[in-house]
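Here it is as structure tokens:
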């Protein structure tokens with residue numbers, strides 16, 4: 071019996087997805103567990119594994135299209151001779167209704183999110199692409215491209231139209247997107263165009279400004295701006311940060327600490343265990359875990375009608391990627407040593423930058439650490455990663471005058487700012503947590519107590 075395959079929900083926050091690459095073609099026999107496609111979600115590029123077996127009869131959508139969860143994407147049948155006309159009709163009606171039909175959020179969650187958006191954001195919503203045409207002939211097979219695809223427009227100075235995943239592939243391969251011809255809708259460059267260029271030796275992109283090449287000035291009379299597509303990840307960040315900033319009563323406490331013991335301890339570990347490559351961030355993670363155990367109220371989530379206080383410490387660590395910030399989670403940090411924390415953090419960071427994080431890698435954190443010290447930032451406030459109660463912002467080390475025993479001296483300091491949800495954490499509790507954390511970082515042996 072023919073089956074209609076729809077855009078799956080591959081993460082807890084996924085509302086839409088983009089088919090990055092079809093890994094099967096029409097006529098292929100598919101077994102249970104085979105990967106049909108790679109799908110770009112709001113957090114990662116994930117594999118869509120087949121729950122059924124059969125023959126792939128039709129692909130209903132192009133790569134590079136953004137689709138609501140539940141939108142028909144392909145037809146699977148028991149044989150290549152089976153009549154699939156009824157399923158094609160169902161797909162046509164499903165495509166027309168999909169944008170309003172299958173959001174990943176519940177109705178209550180949607181209402182809450184809508185209420186949290188600022189008036190200016192409600193007045194100018196991000197435009198969504200129209201649903202795919204409902205007529206059956208609109209089904210698209212990657213192998214059946216028109217002989218003359220529409221022009222991508224970069225020959226006359228217009229901006230390059232490219233899907234987010236195709237842009238990522240091109241950047242990794244150092245391909246010049248302006249030299250590629252798009253085969254997607256309206257001449258848009260999609261993943262298969264980049265993959266074909268890589269396979270056949272595409273043009274290498276010029277070096278970025280500031281990397282051995284003088285920064286080019288805008289050409290007189292050229293376009294004053296360009297509109298860039300918003301990636302799935304950036305949409306998720308915008309939605310969640312707006313909700314957090316407008317619905318959570320934030321307050322901040324800043325504590326300056328002396329950083330000599332922290333930095334000297336790290337250098338001692340580096341000298342004794344050169345293969346471990348322990349970072350300051352690894353030590354911060356361990357110190358936060360110890361302080362959270364001492365102040366469990368900070369290690370909580372606000373869940374509307376209750377506060378969930380955790381007995382384990384699962385720290386989300388902010389990692390910057392080309393498309394935005396993501397927070398992979400280190401689990402059970404309270405029972406792990408620095409070597410294990412360091413190894414796991416490196417592995418999660420690599421997965422985050424390659425968009426290979428699975429949902430279990432970035433959900434369920436109890437506390438978040440955001441460290442911008444490596445960029446020379448001297449102080450900043452971070453937005454709470456809801457439903458967590460707190461997030462710690464750590465700045466860079468500064469060499470400055472300090473007073474020691476009544477005498478002026480030169481010391482190394484850093485600022486830490488804790489943002490707290492006042493519905494869960496009061497000022498005194500936040501201050502006590504920061505005091506404990508400061509003492510542990512100024513005397514790292516205190517973490518062993």
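Numbering (my numbering), first residue to last: 71 to 519. Think of the CB as a built atom: it goes at the ideal place given N, C-alpha and C, for glycine as much as any other residue.
Query	Result
Near residue 104, which residues of its chain fall below 6 Å by C-beta distance, leaving aside the five closest residues on each side in sequence?	120
The alpha helix (DSSP H) with residue 347 in it runs from where to where?	Looking at the DSSP string, residue 347 is not in any alpha helix (DSSP H), and its letter there is neither H nor E.
Looking only at DSSP bridge pairs, what is residue 324 linked to?	487
Count the other CB atoms within 10 Å of the CB of residue 444; is the residue buried (16 or more) or exposed (fewer)?	exposed
Since residue 485 contacts residue 349 with CB under 8 Å, what's their CB separation in whole angstroms?	With a Cβ gap of about 19 Å, residue 485 and residue 349 do not count as contacting.
Just the C-alpha distance for residue 114 and residue 417, rounded to the nearest angstrom, thanks.	15 Å
Express the C-alpha separation of residue 315 and residue 496 in angstroms, rounding to a whole number.	18 Å
Considering just the uninterrupted stretch of the alpha helix (DSSP H) at residue 499, what are its terminal residues?	497-512
Here's a check: name, in chain order, each residue in its chain whose Cβ is nearer than 6 Å to the Cβ of residue 233, leaving out the five neighbours to either side.	134 and 260
Rounded to whole angstroms, how far is the Cβ of residue 462 from the Cβ of residue 442, which I believe are closer than 8 Å?	Between residue 442 and residue 462 the Cβ distance is about 11 Å, and since that is not below 8 Å, they are no contact.
Taking C-beta to C-beta, are residue 382 and residue 402 nearer than 8 Å?	yes
Suppose the cutoff is 6 Å on Cβ atoms and the five residues either side in sequence are ignored; what does the same chain contact list for residue 419 look like?	389
Taking the CB atoms as reference points, tell me whether residue 77 and residue 145 lie closer together than 8 Å.	no
Judging by CA-CA distance, which residue of 391, 387, 297 and 467 is the nearest neighbour of residue 332?	467
So, under 8 Å CB-CB, residue 483 and residue 472 are touching, yes? Tell me the CB distance rounded to an integer number of Å.	7 Å
Would you call residue 306 buried or exposed, if buried means 16 or more other Cβ atoms sit within 10 Å of its Cβ?	buried
How many angstroms separate the CA atom of residue 156 from the CA atom of residue 375?	47 Å
State the DSSP-derived secondary structure class of residue 373, mapped to helix, strand or coil.	coil
Within this structure, are the beta carbons of residue 346 and residue 339 separated by less than 8 Å?	yes
Taking only the alpha-carbon atoms, compute the straight-line gap between residue 407 and residue 504 and give it to the nearest angstrom.	22 Å
Under a Cβ-count criterion, where at least 16 other Cβ atoms within 10 Å of its own Cβ denotes burial, should residue 118 be classed as buried or exposed?	buried
With distances taken between CB atoms, is the gap from residue 457 to residue 372 smaller than 8 Å?	yes
Please name the residue or residues paired with residue 441 in a DSSP beta bridge.	464
So the candidates are 95, 160 and 356; which of them puts its Cα closest to the Cα of residue 515?	356
First and last residue of the alpha helix (DSSP H) that includes residue 303?	302-317
On the DSSP letters alone, give me the boundaries of the alpha helix (DSSP H) that residue 401 sits inside.	Where residue 401 is concerned, there is no enclosing alpha helix (DSSP H), given that its DSSP letter is neither H nor E.
How should residue 292 be labelled, buried or exposed, when 16 other C-beta atoms within 10 angstroms of its C-beta is the threshold for buried?	exposed
Apply the 10 Å Cβ neighbour rule to residue 127 and answer buried if 16 or more other Cβ atoms are within range, or exposed otherwise.	buried
Between which residues of its own chain and residue 499 is the CB-CB distance below 6 Å, once the five residues before and five after are set aside?	367
Provide the residue span of the beta strand (DSSP E) that contains residue 109, from first to last.	105-110
Among 252, 248 and 80, which residue has its Cα nearest to the Cα of residue 138?	80
Could you spell out where the alpha helix (DSSP H) holding residue 429 opens and where it closes?	429-432
Using the Cα positions of residue 82 and residue 470, report the straight-line distance between them to the nearest angstrom.	46 Å
Output the boundary residues of the alpha helix (DSSP H) element that contains residue 259.	It is not in any alpha helix (DSSP H) - residue 259 carries neither H nor E in the DSSP assignment.
May I ask you to report which of helix, strand or coil DSSP gives residue 242?	helix
To which residues of the same chain is residue 116 closer than 6 Å at the C-beta, ignoring the five residues directly before and after it?	80 and 109
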